[in-house]
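Counted the way this note's numbering counts, the sequence shown spans residues 9 to 240. Glycine residues also receive a C-beta, built at the ideal position from the N, C-alpha and C atoms. From a predicted model like this one, the values you see are computed outputs, not experimental measurements.
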Amino acid sequence: MVNRERTIVVLGVVSAIASLVIGMARTATVSELPHKQPDYERLSKMLAAGAFQKADRQTYRIMLIVLQKYPDQLSKSVYLTEDDIANFPCKDLLKLDQLWYQYSRGKFGFRTQQQIWMNLQQSQDSQFWNLSQLFDDFAQQVNWKVSQGWKSYEELTFDLTANPGHLPALATGGSVTTTIPVKDNQKLKSKTDMPLWEFNVNCVRVNQKDQLIKCTPNLSPAIFSRLASCQI
């Protein structure tokens, strides 16, 4: 009887130690899991190959990853806010800009877009500075918008025949990563990235008179302010 009790006690101690070891291992594993890292090498290869649409999406995803906002679930929609851009690490912003500038021979990139923005600012009367008009003029100059209205993302030009500053579009124009129905099946979703101007222009709401109203683009020059503060 005594030996049996001793055996039970020993087994209990062994079990407790095993549980403690397993618990410590789990804790260590979780704490040591690395964050998803931005893949600049992949972006560089895309740009070198002239795969500018893939590179545009990769640029936006890198920014989400740097900010630890990239969604792992299809049900989650995310987007870059003005605060995100205002606090985006300068070294990563510089790296992205350098790659775009290098592989487009200066035609694309944040610096090219910033110069266009600054030129438009200088052309406006400072007493009547209009942010909405500035972004409208910018969108037309880089050819995101034409007389018929805003282009869809798929209508953009993803090669070197595009206007200067045409790309990157998702990071500069503001973007949302959201879910869309696949083949009109509301239960089957696919994660996608799209410019905020397309996301907002395509949405509709009903006013008090039951009339459908298209939402207006919600754009911000935050990226240009961040470039200036980073001295890029």
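- Listed in chain order, the non-local C-beta contacts of F166 below 6 Å within the same chain comprise F60 and Q61, local neighbours out to five positions each way being set aside.
- When secondary structure is reduced to three states using DSSP, K103 falls in the helix class.
- Rounded to the nearest angstrom, the gap between the Cα atoms of F118 and Q129 is 16 Å.
- At a Cβ-Cβ threshold of 8 Å, A179 and M71 count as neighbours.
- Within its own chain, the residues whose Cβ lies closer than 6 Å to the Cβ of A147, once the five positions on either side in sequence are excluded, are K153, listed in chain order.
- Excluding the 5 residues flanking it on each side, Q66 has same chain C-beta neighbours closer than 7 Å at R50, L51 and M54, in chain order.
- By the neighbour-count criterion, in which a residue is buried when 16 or more other Cβ atoms sit within 10 angstroms of its Cβ, K99 is exposed.
- Contact between K115 and P176 fails: their C-beta atoms lie close to 12 Å from each other, not under 8 Å.
- K44 places its beta carbon less than 8 Å from that of Y78.
- Rounded to whole angstroms, Q141 and A56 show a C-alpha spacing of 35 Å.
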